[in-house]
Amino acid sequence: MSRLALPSRTLISLLAAALAAPLAHAQAAGSDAERVSDLEQRLLVLERKLELQSEEAAAKAKEAPVVTVASDKGFSLKNAKGDTEIKFSGIGQVDHRAFIDDDGAFRDGFITRRLRPTVQGHLGKLVSFRFTPEFAGNGTGDAASIVDAYFDLKFHKAATVRAGKQKGLLGLERLQSGGAISLIERGYVTELVPNRDLGVAVLGEVASGTVTYGLGVFNGTADGRDVIQADDGLKELEARVFFEPFKNEYSAFKGLGFGIAGSTGAKDGSGNNFASRYRTPGQNQFFTYNEAGVVASGKHTRYTPQAYYYFNNLGVLAEYAVSEQDLSRGGVERSIKNDGYNVVATYVLTGEDASYRGVKPSSPFTAGGPGWGAVELVARIGALSIDDDAFAGAAAADRLANPTSQARKAESYGAGVNWYLTGNAKLTTDFNFTQFDGGGGGTADRRDEKALFTRLTIQY
Amino acid sequence: MKRTFIVVAAALISTAANAKDFLNVSYDPTREFYKEVNTVFAAEWKAKSGESLNIKTSHGGSGKQARSVIDGLNADVVTLALAYDIDSIATQGKLLPADWQKRLPDNSSPYTSTIVFLVRKGNPKGVKDWGDLIKPGVKVITPNPKTSGGARWNYLAAWGWALKQPGGSEATAKDYVSKLYKNVPVLDTGARGSTTTFVQRGIGDVFLSWENEAFLAINELGPDKFEIVVPSASILAEPPVAIVDKNVDKKGTRKAAEAYLNFLYSPTGQKLAAKHYYRPRKPELAAPADIAGFPKANLFTLDSVFGNWAKAQSTHFSDGGVFDQITTGK
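These protein sequence lines map, in sequence, to chains H and D.
Sequential numbering of the first sequence, starting at 88, is according to my numbering.
Sequential numbering of the second sequence, starting at 380, is according to my numbering.
As structure tokens, then:
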């Protein structure tokens, strides 16, 4: 059996020839056998040294940490065994926001929407972690914060305990990564469910991954917002179950998923962190409980049925949410029930598969080359309605919100184009048209909002 | 019939399922010896205690094996090439007491060995003693003492011989060993690798070998290919054995581990050692034919020349030690 690769043998042959040349001249001088034996020994030693070098290199390779650099998955350092890894990834998004026919009501301009490096990894098979700071802050780099900071204990596929700051369990679009959402900003349901919360959850999948669930206890958040540091001591329970019954089958329904999620808890306090505020897809607030002295004073429950369906280059995501919260003012307590929905449709013009995790271009864009990336058309309708009781009562006594300045309902229609240049770069533009009931002063409706947003996303 | 089969199968499955795992972490050249020891001891232990043991042995370079135990390899006993390696398990891993070597007779070495020369049939280079190894044109095969326990014994045997020569001193010994390693064309990382270099690849004129490895090579490849040369003096290699206290207490195998190591001192254990070319501490217990096969050798102990393993290690094999000095020419 050959012990050396071809180049090594060639090298030995050349060396043999080189060493044999002077030997030819010396043959006449006698002791030929000794010289041939010596030459043979030298070659054998050389061959053995190469063999040992190769064995040493192979042994080192087995023990050496593995460095992986994948443009679409970040880069990672992993031990040779593969059970300990640290991975670096990140996402950055720069937006341009323009509002049409707004008479200067909103400010046009550039903002840095997300600037999030992520360090994640696992320490053995049991422990993993994720840490994501947000450097974009309020859009100009101020007020940096921590987005994710949690640890997982992976006892089993069916039971992972996650502790720390993490995404809330409820919203389907909320659970999509910021780089994968179809339109530039998420829809109205995301405004009604917790954003990121602090607590402990058990997550898992059963039945070969066709059923996933989450169950957790959290500090609790106002609708659509992050947890705050100052806890009122009360907690929220969140739960979600999601089914993908055909996930493992070759079927037209392979991409079908549906489920329901809900939360229940209590809040006790005043201000933005307890009573909710809602924004349009243009990120402008259209409703808040703006009367002085509104207090969250009891139960807060939410439920949200949700579903998606992806088939080839077509995708549909739909969700509905109800948020019902006890609020009081002037000694009068009301249970306010707000609800909203959104339906998003996507169609990938270039033929790639649509998916909940975004589109991967089959032919990435190359400057001067044949690739143009993937192009996806997106459309969305959605609405968020405020309970009439929020506007009931006397302005000076127990009314929670002023109907002349706060809209009762926002209804939006959006459309856009996503250009996935590569797995790392996505250029998006979308237009959202929003109509309101009330909130425009007196009995008038708030002015229609026409938001034209453009975004460059870079992720790795 | 069917019922009998089921009962027997159930008994076998039950026995296998109940067998306790037991691990002996050893060094390279003991494979054949411990394979037989494990079989004989397991049967004896079962008869004596009623307990079934699933005994496995792990082999590798002695230093590397010690490192694995320190790093968590769940050894019940260690049977290594050097006391220094078990010292490391005691001092770095804190898995057994520092005075472990006093717990069993003969410095916890139930058998010994030595370093001999394996030469090609007819001894074409006329190698008879250590002095011949530094002659021009003699190629010596020995592993790297920085990575191989056996190689350290080779090195210390050479150093001890040089020191015992008329006019011998530390300086002459260093000069001798320096010249010796100039005649080493390939430094393998372990004893088995060096055996491959010499026996299978046909490199070199002399292989500095564990005595039992030399006998094995002749047995396997035939006396028409190699012969053993016993130098005028060599070192008494005392491969030590020890219980890994922390592991046996955790696993509940202390009694079995004690019995396993005591078995090595028993008549059966001593017989098996001699059969596999290790010199038994009590030759009278071994088969006379096996004992007769050992050539007479003038052996000196490590302690008599170097004090102890710790001193030998730090002087010769630590980073910047004598071996590094002679191989880098400093």
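Glycine included, C-beta positions come from ideal geometry on N, C-alpha and C.
Item, Value
"Using a Cβ cut-off of 7 Å, pull out every chain A residue sitting near arginine 580 (chain D), in sequence order please.", "No chain A appears in the structure shown, which is made up of the protein chains H and D."
"By the criterion of Cβ-Cβ separation under 9 Å, what are the contact partners of lysine 518 (chain D) in chain H?", "Gln128 and Val132"
"Under the three-state reduction of DSSP, which class applies to lysine 354 (chain H): helix, strand or coil?", "strand"
"Give the secondary structure of lysine 160 (chain H) by DSSP, where H, G and I count as helix, E and B as strand, and everything else as coil.", "coil"
"By the 10 Å Cβ neighbour count, where 16 or more other Cβ atoms means buried, how is valine 462 (chain H) classified, buried or exposed?", "buried"
"In the DSSP assignment, find the beta strand (DSSP E) that holds glycine 196 (chain H) and state where it starts and stops.", "196–210"
"Exposed or buried, valine 314 (chain H), counting other C-beta atoms within 10 Å across all chains shown (16 or more means buried)?", "buried"
"Select from the segment 567–601 of chain D all residues with a C-beta closer than 7 Å to any C-beta belonging to chain H, and list them in chain order.", "Asp567, Thr576, Arg580, Gly581 and Ile582"
"With DSSP as the reference, identify every bridge partner of histidine 387 (chain H), one or two as the case may be.", "H:Gly352 and H:Gln412"
"Tell me which same chain residues have a C-beta within less than 8 Å of the C-beta of arginine 660 (chain D), skipping the five on either side of it?", "Pro484, Asp485, Ser488, Pro489, Tyr490, Thr491, Tyr644 and Gln649"
"Please determine whether the Cβ atom of lysine 252 (chain H) lies at a distance below 8 Å from any heavy atom of the ligand MN.", "Of ligands this structure carries none, so the ligand MN is not represented either."
"Just the chain H side, please: which residues come within less than 8 Å of valine 565 (chain D) by C-beta, in chain order?", "Val132, Arg135, Lys136 and Leu139"
"Are the beta-carbon atoms belonging to threonine 541 (chain H) and threonine 516 (chain H) less than 9 Å from one another?", "yes"
"Between the C-alpha atoms of alanine 148 (chain H) and lysine 425 (chain D), what's the straight-line distance to the nearest angstrom?", "43 Å"
"Let me know if threonine 394 (chain D) comes out buried or exposed under the rule of 16 or more other beta-carbons within 10 Å of its beta-carbon.", "Confidence at threonine 394 (chain D) is low in this model, with a pLDDT of 47, below 50, so its placement is unreliable and the value that follows should be read with caution. Per the 10 Å Cβ criterion, exposed."
"Hey, out of H:Thr219, H:Ala231 and H:Asp319, whose CA is closest to tyrosine 237 (chain H)'s CA?", "H:Thr219"
"Once DSSP output is grouped into helix, strand and coil, what is the label at aspartate 313 (chain H)?", "coil"
"Could you check where the beta strand (DSSP E) with phenylalanine 452 (chain H) kicks off and where it finishes?", "Looking at the DSSP string, phenylalanine 452 (chain H) is not in any beta strand (DSSP E), and its letter there is neither H nor E."
"Out of H:Ala288, H:Tyr376, H:Asp535 and H:Tyr365, which one is the CA nearest neighbour of valine 276 (chain H)?", "H:Tyr365"
"Please state whether the Cβ-Cβ distance between glycine 460 (chain H) and proline 448 (chain H) is less than 9 Å.", "yes"
"With the cut-off set at 9 Å, would you say lysine 604 (chain D) and arginine 499 (chain D) are in Cβ contact?", "yes"
"Do aspartate 624 (chain D) and leucine 432 (chain D) come within 9 Å of each other at the CB atom, strictly closer than that value?", "no"
"Can you tell me the Cα-Cα spacing of glycine 358 (chain H) and phenylalanine 374 (chain H), whole angstroms?", "14 Å"
"When the cut-off is 9 Å and only beta carbons count, does aspartate 239 (chain H) lie next to chain D?", "no"
"Three or more C-beta pairs closer than 8 Å, one from the segment 432–442 of chain D and one from the segment 405–415 of chain D: is that the case here?", "yes"
"Whose C-beta lies closer than 7 Å to the C-beta of tyrosine 480 (chain H) among residues of the same chain, with five residues either side of it excluded?", "Looking at the sequence itself, residue 480 (chain H) is glycine, so the reference to tyrosine does not match. Same-chain partners within the cutoff: Val419 and Arg486."
"Since histidine 243 (chain H) sits in a beta bridge, which residues does DSSP pair it with?", "H:Ala246"
"Using a Cβ cut-off of 9 Å (strictly closer), state whether glutamate 150 (chain H) contacts chain D.", "no"
"When you compare each of H:Tyr507, H:Glu143 and H:Ala326 to glycine 445 (chain H) by their alpha carbons, which one comes out closest?", "H:Tyr507"
"Leaving aside the five residues before and after glutamate 430 (chain D) along the sequence, list all residues of the same chain whose C-beta is less than 8 Å from its C-beta, in chain order.", "Lys399, Trp424 and Ala635"
"Check whether the Cβ of aspartate 125 (chain H) lies closer than 9 Å to any Cβ atom in chain D.", "yes"
"May I have the straight-line CA-CA distance separating phenylalanine 518 (chain H) from lysine 212 (chain H), to the nearest angstrom?", "45 Å"
"With DSSP as the reference, please indicate the residues paired to alanine 502 (chain H) in a beta bridge.", "H:Ala466 and H:Phe518"
"Return the residue from the list H:Phe345, H:Val153, H:Thr299 and H:Pro281 that minimises the CA-CA distance to threonine 351 (chain H).", "H:Pro281"
"For the alpha helix (DSSP H) containing threonine 574 (chain D), list its first residue and its last residue.", "570–574"
"At 4 residues or longer, what runs of the alpha helix (DSSP H) sit wholly inside the segment 474–528 of chain D?", "484–487"
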